[in-house]
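Worksheet: the structure to be examined is printed underneath.
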Amino acid sequence: MHAGVRTALAPMQDVTDLAFMRVLARIGSLPDLFVTAYFRSTPTTCAIAEANLRCIEENETGVPILAQLAGSEAAPLVRDAERLLQLPVAGINLNAGCPSPLVNRHGAGAGLLRDLPALAAALQGLRACVPAGQFSVKCRLGWEDTVEFPAILEHIRAAAPDYAMVHARTRKALYKPGTICEAAVQQAVRTLPCPVMGNGDIGTAAEAQRWLTHISPAGVMIGRGAVRNPYIFREIKGGPPPTADEMKHYYRVLVEETDRILHTKRTPAGHCNRMKKYLAYCYPDFTPEQEYTLRRCTDIDTMLRILCD
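Once you know that position 243 of the sequence shown is 265 in the numbering used here, the rest is easy, because the numbers rise by one and skip nothing.
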């Protein structure tokens, strides 16, 4: 990992998309690295999702982006990595952490953690085809228990990725509060010769700084916390926290950037529903009445008025 990379936007399906990347650029709060939501690799096909491709091909932010792959077999992953490396990507990231039951049912994402030979084959196959400096893996601590993590780390160490991102939960924990194991991330930092980025419930700049000081000095990866407060990357780099007016500006820009992509594809009600994927992480900042109205809103102008109230 390049020495200048200390913050990354965590990949979140249908949330940390091109529109959100553009929002971060417009408000002046960019991370050092982007990662696409996963491209799904199977023996018969790779789901080259249009939304993910747009993140790569229309990324005008100047921030490098990794293409993330999710799959359970080495050969399809290698095939699709070679294809994606033809695009303007900074590298390939193996997804060994997604807890989606649909993805896990086929052995991909966190499902790889139940089949360590498959994980090893995927890691080794990708390491052999991805150029030096461009291969990374994002993983959880195990399928059911953190006692699984040392064996997972050994397979990662043996494959010699250029850097690793560790989500400090097991797959069983999903995203439940209070399930973060910071000690396991520290274990990864001690065990792996490559830089390790920590991930999991980093919701404020103060928390990020604590991680950078005590848990994962190489970097932090932030997802939900960045959707709730997109100025967090600015804060981590020494900038001020957002004002109320800046948060209102964020909501306006988010409406504009989602509309820039969706206006030919979605009705106003559809645009509202798409906005709710982001707003779900912002609801704690609103009154119960505002949240109730936002959840049921079908008119984008009304939604914007509520957001900027």
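Just so it is clear, CB atoms sit at the ideal spot from N, CA and C, and this is done for glycine as well.
Would you decide whether residue i is buried or exposed? Buried here means 16 or more other CB atoms lie within 10 Å of its CB.
i, result
"E279", "buried"
"R173", "Note that residue 173 corresponds to Ala in the displayed sequence, not to Arg. Exposed is the call here."
"K287", "exposed"
"G147", "buried"
"R149", "buried"
"Y314", "exposed"
"G241", "buried"
"L124", "exposed"
"Y272", "buried"
"H177", "buried"
"P53", "buried"
"G119", "buried"
"G220", "buried"
"T168", "buried"
"P65", "exposed"
Can you tell me where the alpha helix (DSSP H) with residue i in it begins and where it stops?
i, result
"A59", "Element bounds for A59: n/a, residue is neither H nor E."
"C203", "Counting along the chain, C203 falls outside any alpha helix (DSSP H), and DSSP gives it neither H nor E."
"F42", "L40 to I49"
"V125", "P123 to R127"
"F171", "F171 to A181"
"A230", "A227 to H236"
"G147", "L138 to C151"
For residue i and residue j, I'd like the C-alpha separation in whole angstroms.
i, j, result
"A130", "T192", "15 Å"
"A260", "A227", "The amino acid occupying residue 260 in the given sequence is Gly; Ala does not appear at that position. The alpha-carbon atoms of G260 and A227 are separated by roughly 9 Å."
"I283", "G292", "12 Å"
"P98", "D137", "17 Å"
"F171", "K194", "13 Å"
"E257", "P263", "6 Å"
"G247", "Q108", "32 Å"
"V275", "F42", "9 Å"
"V85", "D323", "31 Å"
"H189", "C203", "9 Å"
"V57", "L106", "13 Å"
"T213", "G164", "16 Å"
"I254", "D223", "13 Å"
"R127", "L316", "34 Å"
"Y185", "A266", "37 Å"
"P183", "A144", "12 Å"
"E268", "L301", "16 Å"
"V211", "D281", "41 Å"
"P306", "P215", "39 Å"
"P139", "G225", "35 Å"
"V27", "P217", "10 Å"
"K198", "E166", "14 Å"
"K298", "A205", "34 Å"
"V111", "E80", "11 Å"
Over the uninterrupted beta strand (DSSP E) stretch that includes residue i, give me the two end residues.
i, result
"N81", "Premise fails: N81 is in no beta strand (DSSP E) and is neither H nor E."
"V188", "Y185 to H189"
"M219", "V218 to N221"
"I114", "G113 to A118"
"K194", "Segment: none, K194 is in no beta strand (DSSP E) and carries neither H nor E."
"T29", "T29 to L31"
"V37", "Note, V37: premise wrong, no beta strand (DSSP E); not H, not E."
Kindly give me the distance between the Cβ atoms of residue i and residue j, rounded to whole angstroms, as I take these residues to be in contact under 8 Å.
i, j, result
"S63", "A92", "7 Å"
"I244", "A89", "So it is not a contact: roughly 20 Å between Cβ atoms."
"C161", "V100", "That pair is no contact at about 19 Å."
"C294", "D321", "7 Å"
"S238", "V277", "Incorrect: roughly 34 Å between the Cβ atoms, too far for contact."
"N117", "S158", "Actually they do not touch by this definition, with Cβ atoms about 10 Å apart."
"A73", "D39", "6 Å"
"C68", "D102", "4 Å"
"P252", "I49", "6 Å"
Would residue i pass as an interface residue toward chain D - the criterion being a Cβ-Cβ separation below 8 Å?
i, result
"A173", "Looking at the structure shown, chain D is missing, and only one protein chain is on hand."
In chain order, each beta strand (DSSP E) run of at least 3 residues that lies wholly inside the segment 240-295: 241-244
4-residue-minimum alpha helix (DSSP H) runs that sit fully inside the segment 83-108, ordered along the chain: 96-106
Every unbroken alpha helix (DSSP H) inside the segment 297-331 [4 residues or more]: 310-318 and 322-329
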